[in-house]
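*Asks:* Here you go, one structure.
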Amino acid sequence: MYDVAVIGAGVVGGLVARTLTKYKLNVCILEAQNDVAMGATKANSAIVHGGFDAKEGSLKALLNVRGCKMMESVCKELGVSYKNNGSLVVGFNDEDRSVLNELLERGNKNGVERLQILEKDELKKLEPNLSENVTCALYAPTAGIVCPYTLAISAVGNAMDNGAELKCNFKVIGIDEIENGYKLSAENDAVEARYVINCAGVYSDEIAKMIGDDSFSVHPRRGEYILLDKECGDTVSCTIFRTPSKMGKGILVTPTVHGNLLLGPTAFDMEDKEDKDTTAEGFANILGNTHETVSGVALNKTITSFCGLRSVGSTGDFIINSPKKGFINTAGIESPGLTSAPAIAEYIADMLKDEGLEMEINPEFNPIRKSYHAFAEASQEEKNAIIKENPAYGKIVCRCEGVTEGEIVDAIRRNPQPHDLDGVKRRTRAQMGRCQGGFCGPYVTELLAKELNIPYESVTKFGGESIINIGKTKGGQA
Amino acid sequence: MRDLVIIGGGPAGMSAAIAAYESGIRDILILERDENLGGILQQCIHNGFGLHKFGEELTGPEYAWKYEAKVKELGIECKLNTMVLDVSEDKVITATNTEDGLFQIEAKSVILAMGCRERSKGALNIAGSRPAGIYSAGTAQKFVNMKGYLPGKNVVILGSGDIGLIMARRMTLEGAKVHAVCELMPYSGGLARNIEQCLNDFGIPLKLSHTIVKIHGKDRVEGVTIAKVDENRRPIKESEEYIACDTILFSVGLIPENELSKAAKVDLSNITSGAVVDQDRQTSVEGVFSCGNVLHVHDLVDYVSDEAEIAGKAAAEYIKGNQGESVLIPITTDGKIRYTVPQRITKSKDVAVYFRVSNIYKNVTVTVSDGNNVIFSKKRVKVAPGEMESVTLKKEIFENAKELHFALEEM
Amino acid sequence: MERKLTCIICPLGCDLTVQVEDKKVLDVQGHTCPRGKKYAESECTNPQRTITSTVKCNDGSLVSVKTDKPIPKEKMIECMEAINNAVATLPVSIGDVIIEDVFGSNIVATQNKK
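Chains as they are written, first to last, in numbering that gives the first Met the number 0: chain D, 0 to 477; chain Y, 0 to 410; chain C, 0 to 113.
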């Protein structure tokens with residue numbers, strides 16, 4: 000029996016599990032998909048918010064401000080890319096200006112530091128490509144950007160390195176209360192745990208219902224994005240938001256930690272929790288909005304588009320509670336969920352303490368994890384030393400992102416092990432550049448097949464039926 | 000310090016190396032990222048190469064071998080499996096491979112011959128899901144021709160570029176069913192012979208003025224919605240049609256791979272996405288030359304070889320200290336002619352100028368003017384964007400010109 | 000009867016107009032070389048195609064191949080069956096015959112492989 004089972008290996012579940020391995024606890028992470036970070040974690044704006052949006056006194060406000068302060072050090076420990084680039088909420092008119100003033104006031108109450116309203120001339124110096132129509136902006140110098148999926152992957156990996164167990168393709172379909180805990184069942188497997196943390200994203204309401212808690216619901220809100228080539232990464236230096244409306248923070252324009260430019264998201268409330276389709280209307284909305292805030296965005300440098308589903312809770316705030324002894328919900332973790340995730344993890348640990356879980360410090364806990372990009376960030380001398388030891392680091396596989404065979408093989412061998420092409424992509428960035436895997440896809444397929452010891456044609460894009468090749472030519476035999 | 004370093008061992012790089020050798024340069028190094036010379040020709044196992052250069056129809060590997068054999072015979076040094084990471088303005092090349100690790104080479108002259116890559120599906124903002132089963136035509140070509148795997152059984156292809164057409168036939172011969180080739184434009188970007196022998200031979204419909212508006216399928220592609228487009232290339236809702244398929248191939252254009260040219264501070268053209276060059280294929284950076292598909296996308300490899308010979312010879316002259324002329328005549332175009340290569344020429348040599356047109360035009364005259372004077376004209380029954388055109392100009396007719404203007408006049 | 004063809008002999012792709020009666024070619028227009036005329040005549044009487052593909056090697060890899068002369072167009076799929084069932088023994092050089100006499104043509108290697 001595990002001490003704690005965490006349902007869902009997104010950024011929240013991952014960081015919760017990692018935080019729990021700081022204690023002498025037997026932790027298990029249950030993930031429905033073929034890999035970790037497969038829900039909202041892999042498709043969001045990747046922003047570390049200052050914390051002025053959420054209503055004073057709300058969980059969102061509390062955990063956002065705290066998370067924003069924690070993010071840099073958590074990323075440093077876990078070897079995750081983070082950049083404190085600051086954010087601007089831009090306004091076009093007096094109406095916007097009064098909203099910005101409200102945000103400023105709210106931010107100050109929430110404890111966000113160094114917020115200020117900037118005027119047009121100052122803005123032009125800070126962001127020369129802002130549209131001429133922008134008249135003022137709320138500047139949050141504490142805001143930043145982060146790589147959300149490597150944060151989740153590295154958190155899970157670090158948790159595993161510190162003793163946690165990960166079960167992928169474990170979709171919880173039933174929960175039974177047993178003596179001293181719960182039994183969580185998947186189709187062909189089951190685990191027992193004394194405590195359960197529900198971090199199941201858009202499915203967290205359904206998990207809660209399995210123990211009879213129907214006090215809240217979660218619905219998906221579609222967010223579409225367009226990603227541009229690294230050539231465009233310096234179009235803006237800060238994250239540029241529009242003045243918010245009730246559907247969210249609007250279409251933003253932001254550099255990513257990897258140097259691309261990201262546009263989006265749209266906001267469309269959905270019922271289907273699996274429908275991650277992009278839409279023509281969504282693209283039109285993104286493009287129109289982008290032109291209004293930033294000029295000179297080179298849309299012909301688009302390299303991909305994608306859609307994520309944020310989980311919007313029925314209460315308006317994060318839903319973090321314990322409906323039954325030993326069972327904790329973390330639901331409705333929409334924006335600023337990514338920013339808040341490290342703080343949510345601490346919050347959950349405190350809740351578990353209050354619930355009576357004995358939490359003795361694990362003296363062997365190692366918070367440090369090597370970055371997936373450690374080789375890329377090394378000096379030329381260091382690189383040559385590494386290549387001498389392992390020549391695979393001298394071989395570039397992904398030409399666009401400059402990823403070597405050594406890095407890919409290392410990523411496949413580390414915790415949590417990727418089982419598919421997208422898993423390698425999120426960890427190493429191979430296939431994530433301007434040719435989108437056109438050149439390196441076949442070779443990454445080969446490396447995966449070899450490392451996982453599976454046939455070439457069994458390699459998938461993201462598990463399930465997502466096979467890359469349906470079979471061999473020439474009648475099959477080789 | 001090396002005399003000449005050539006980046007890329009495809010048809011352009013090999014041809015440039017041989018030409019430089021034959022012009023007297025012995026210290027030549029080819030850096031090739033793949034495990035073989037030949038570049039993309041290795042996976043182009045279809046025939047149709049070499050008619051101009053060799054008077055026979057060769058397959059891609061056979062065409063490549065003609066040059067590879069010569070490179071080997073001349074003893075030109077090649078480093079395979081070697082990826083160039085950077086070229087500086089002062090011609091210091093940084094590269095990596097498994098044997099030498101990260102290393103730098105300084106060169107007197109550099110020839111950029113990195114080729115091109117395919118435009119990916121991601122660039123198109125197509126609505127729908129992102130399942131497995133979506134490949135660029137070249138990736139599918141690699142799976143089928145080099146690895147022996149079949150990406151899928153029921154295929155729809157977007158884009159009628161030559162690789163797309165060739166793959167329609169290859170997939171069919173290997174047992175797949177190609178349901179349609181959709182082309183956004185009202186004309187095909189591929190060669191007429193390929194439409195005939197790759198589509199018509201197998202009854203594969205070519206749907207002109209059509210595009211894919213939505214991709215369906217959760218894990219693997221399950222189908223596409225296609226639609227006819229209006230004259231502004233906007234999909235017409237009423238014309239939408241669903242085609243069930245498990246694979247989508249994209250053949251939607253080639254992009255010269257000029258990341259290294261940019262690193263070397265070479266001026267690039269917005270139209271070709273390649274370097275701006277003179278008649279020697281010298282770029283804006285002295286001693287740095289560019290040729291082949293990295294300079295502009297060619298329709299035939301034979302012309303790549305021709306162009307690379309020019310660059311190879313010129314690099315040899317540069318290394319020997321014979322500088323080209325500094326006074327150059329710029330060439331401008333009227334838009335119907337999209338671009339020319341070279342974009343500027345010397346007064347003292349006859350020159351062949353290559354160009355592409357922006358649309359299909361019938362019964363046209365290509366004119367070259369110096370101010371108001373038409374100094375050259377040539378009639379063409381039909382010109383198309385998919386095919387490269389050229390004119391050869393004698394130096395006598397332009398030696399006093401300040402600028403040459405290329406235009407297309409419809410009759 | 001008049002037939003419109005696109006010549007496939009070279010990348011020029013000339014538009015050909017052919018007058019045919021009872022499988023006999025009376026006239027060809029639109030070609031720019033003698034090979035185009037020959038193609039039109041053959042296409043209207045006995046259409047032929049060159050096949051390019053790959054053959055498995057005894058080490059599991061592939062070698063690219065072609066028919067060394069065109070074969071009857073309607074035999075393309077049968078020709079592929081022969082190609083799919085063949086195994087080439089390495090080493091192979093360009094021009095080596097991999098399969099003899101498939102509809103009058105040999106299947107030859109177009110690649111060198113050790």
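For glycine and all other residues, C-beta sits at the position ideal for the given N, C-alpha and C.
Please report whether the beta-carbon of Lys-275 (chain D) lies at a distance below 8 Å from any beta-carbon of chain C.
*Replies:* No, because no Cβ of chain C sits closer than 8 Å to the Cβ of Lys-275 (chain D).
*Asks:* Using CA coordinates, which residue listed in Y:Val-212, Y:Val-109, Y:Asp-218, Y:Gly-291 is at the minimum distance from Tyr-241 (chain Y)?
*Replies:* Tyr-241 (chain Y) has its Cα closest to that of Y:Val-212, out of Y:Val-212, Y:Val-109, Y:Asp-218, Y:Gly-291.
*Asks:* Buried or exposed: Leu-294 (chain Y), going by 16 or more other Cβ atoms within 10 Å of its Cβ?
*Replies:* Buried: at least 16 other Cβ atoms inside 10 Å.
*Asks:* Name the residues in the segment 423 to 450 of chain D whose C-beta lies less than 7 Å from a C-beta of chain A; which are they?
*Replies:* Here chain A cannot be found, since the structure's protein chains are D, Y and C.
*Asks:* Quick one: is Lys-473 (chain D) near chain C, going by C-beta distance under 8 Å?
*Replies:* True, the Cβ-Cβ gap to chain C drops below 8 Å.
*Asks:* Nearest CA to the CA of Glu-406 (chain D): which residue from D:Thr-265, D:Cys-399, D:Gly-393, D:Ala-16?
*Replies:* For Glu-406 (chain D), the nearest C-alpha among the options comes from D:Gly-393.
*Asks:* Helix, strand or coil for Tyr-455 (chain D)? Go by DSSP, reduced to three states.
*Replies:* The answer is helix: DSSP assigns Tyr-455 (chain D) an H, G or I state.
*Asks:* Just how far apart, CA to CA, sit Gly-21 (chain D) and Val-190 (chain D)?
*Replies:* According to the sequence displayed, residue 21 (chain D) carries Lys and not Gly. Roughly 22 Å separates the two Cα atoms.
*Asks:* Measuring only between beta-carbons, confirm whether Ala-243 (chain Y) sits less than 8 Å from chain D.
*Replies:* Not an interface residue.
*Asks:* In terms of residue numbering, what span does the alpha helix (DSSP H) encompassing Gln-379 (chain D) cover?
*Replies:* Its alpha helix (DSSP H) spans residues 379 to 388.
*Asks:* Quick one: any contact between the segment 388 to 406 of chain Y and the segment 316 to 326 of chain Y, if contact means 3 or more CB pairs under 8 Å?
*Replies:* Short answer: they don't touch.
*Asks:* When you compare each of D:Val-3, D:Pro-335, D:Leu-24 to Gly-161 (chain D) by their alpha carbons, which one comes out closest?
*Replies:* According to the sequence as given, residue 161 (chain D) is Asn; it is not Gly. Residue D:Leu-24 is the option with its Cα nearest to Asn-161 (chain D).
*Asks:* Name the DSSP beta bridge partners of Gln-103 (chain Y), please?
*Replies:* For Gln-103 (chain Y), which the question treats as bridged, DSSP gives the partners Y:Thr-93.
*Asks:* Note down, in chain order, every chain Y residue with its Cβ under 7 Å from the Cβ of Met-0 (chain C).
*Replies:* Here the premise fails: no neighbours, minimum Cβ distance about 18 Å.
*Asks:* Under the assumption that Lys-471 (chain D) contacts Gly-147 (chain Y) (Cβ atoms under 8 Å), give the Cβ distance between them as a whole number of angstroms.
*Replies:* Yes, Lys-471 (chain D) and Gly-147 (chain Y) are in contact; Cβ-Cβ is about 6 Å, under 8 Å.
*Asks:* Which first and last residues belong to the alpha helix (DSSP H) in which Thr-292 (chain D) is found?
*Replies:* It spans 279 to 292 - the alpha helix (DSSP H) in which Thr-292 (chain D) sits, taken as one unbroken run.
*Asks:* From Ala-477 (chain D) to Val-64 (chain C), what distance separates their C-alpha atoms?
*Replies:* Here the model assigns Ala-477 (chain D) a pLDDT of 38, short of 50, so the residue's position is not dependable, and the following value carries that caveat. When rounded, the distance between both Cα atoms is 17 Å.
*Asks:* From the DSSP output, in three-state form, read off Tyr-371 (chain D) for me.
*Replies:* Coil at Tyr-371 (chain D), not helix or strand.
*Asks:* Between the alpha carbons of Ala-4 (chain D) and Ile-343 (chain D), how many angstroms are there, rounded?
*Replies:* Ala-4 (chain D) and Ile-343 (chain D): Cα-Cα distance of roughly 16 Å.
*Asks:* CB-CB under 8 Å to Phe-461 (chain D), same chain, minus the five flanking residues each way: which ones, in chain order?
*Replies:* Gln-32, Asn-33, Asp-34, Met-37, Asp-419, Leu-420, Asp-421, Gly-422, listed in sequence order.
*Asks:* Report yes if the C-beta distance between Asp-276 (chain D) and Ser-159 (chain Y) is below 8 Å; otherwise report no.
*Replies:* No, they are not a contact pair.
*Asks:* Of all Cβ atoms in chain C, is any one closer than 8 Å to the Cβ of Thr-459 (chain D)?
*Replies:* With 8 Å as the cut-off, Thr-459 (chain D) does not count as an interface residue toward chain C.
*Asks:* Taking just the CA atoms, how far does Glu-456 (chain D) sit from Lys-449 (chain D)?
*Replies:* One C-alpha to the other measures close to 12 Å.
*Asks:* Could you pull the DSSP bridge partners for Leu-308 (chain D) from this structure?
*Replies:* According to DSSP, Leu-308 (chain D) bridges with D:Arg-221.
*Asks:* Scan the segment 42 to 66 of chain C for residues whose Cβ lies nearer than 7 Å to a Cβ of chain D and list them as they occur along the chain.
*Replies:* Going along the segment 42 to 66 of chain C in chain order, one finds Lys-55, Gly-59 with a Cβ nearer than 7 Å to chain D.
*Asks:* For Thr-391 (chain Y), decide whether its Cβ has a neighbour in chain C, counting only Cβ atoms nearer than 8 Å.
*Replies:* No, Thr-391 (chain Y) does not count as interfacial toward chain C.
*Asks:* Under the DSSP definition of a beta bridge, which residues are partnered with Phe-375 (chain Y)?
*Replies:* In the DSSP output, where bridge partners are listed per residue, Phe-375 (chain Y) has Y:Val-367.
*Asks:* Answer with yes or no whether the minimum CB distance from Ser-72 (chain D) to chain Y is below 8 Å.
*Replies:* With 8 Å as the cut-off, Ser-72 (chain D) does not count as an interface residue toward chain Y.
*Asks:* Where do the N-terminal and C-terminal ends of the alpha helix (DSSP H) with Tyr-38 (chain C) fall, by residue?
*Replies:* Note, Tyr-38 (chain C): alpha helix (DSSP H), 33 to 44.
*Asks:* If contact means a Cβ-Cβ distance below 8 Å, which residues of the segment 76 to 104 of chain Y contact chain D?
*Replies:* From the segment 76 to 104 of chain Y, only Asn-80, Met-82, Leu-84, Thr-95, Asn-96, Thr-97, Glu-98, Asp-99, Gly-100, Leu-101 have a Cβ closer than 8 Å to chain D.
*Asks:* Closer than 8 Å by beta-carbon distance: list the chain Y residues that pair up with Ala-39 (chain D), in chain order.
*Replies:* Residues of chain Y passing the Cβ test: none, with the nearest at roughly 16 Å.
*Asks:* Who are the Cβ neighbours of Leu-259 (chain Y) in its own chain at under 8 Å, not counting the five residues just before and after it?
*Replies:* Only Ile-6, Val-83, Asp-85, Val-86, Leu-111, Met-113 meet the Cβ criterion.
*Asks:* Please list the segments of the beta strand (DSSP E) lying wholly inside the segment 266 to 297 of chain Y, counting only runs of 3 or more residues, in order along the chain.
*Replies:* Those beta strand (DSSP E) runs which fall completely within the segment 266 to 297 of chain Y and span 3+ residues are 287 to 289.
*Asks:* Thinking just about the alpha-carbon of each residue, which of D:Ile-116, D:Lys-123, D:Ser-378 is nearest to the one in Val-235 (chain D)?
*Replies:* Closest option to Val-235 (chain D), Cα to Cα, is D:Lys-123.
*Asks:* Taking DSSP as the reference, what is the three-state secondary structure of Ile-152 (chain D)?
*Replies:* In the structure shown, Ile-152 (chain D) sits in a helix (DSSP, three-state: H, G or I).
*Asks:* Go to Ile-409 (chain Y), then tell me how far its beta strand (DSSP E) extends in each direction, as first and last residue.
*Replies:* The residue asked about is misnamed: residue 409 (chain Y) is Glu in this sequence, not Ile. Counting along the chain, the beta strand (DSSP E) containing Glu-409 (chain Y) begins and ends at 403 to 409.
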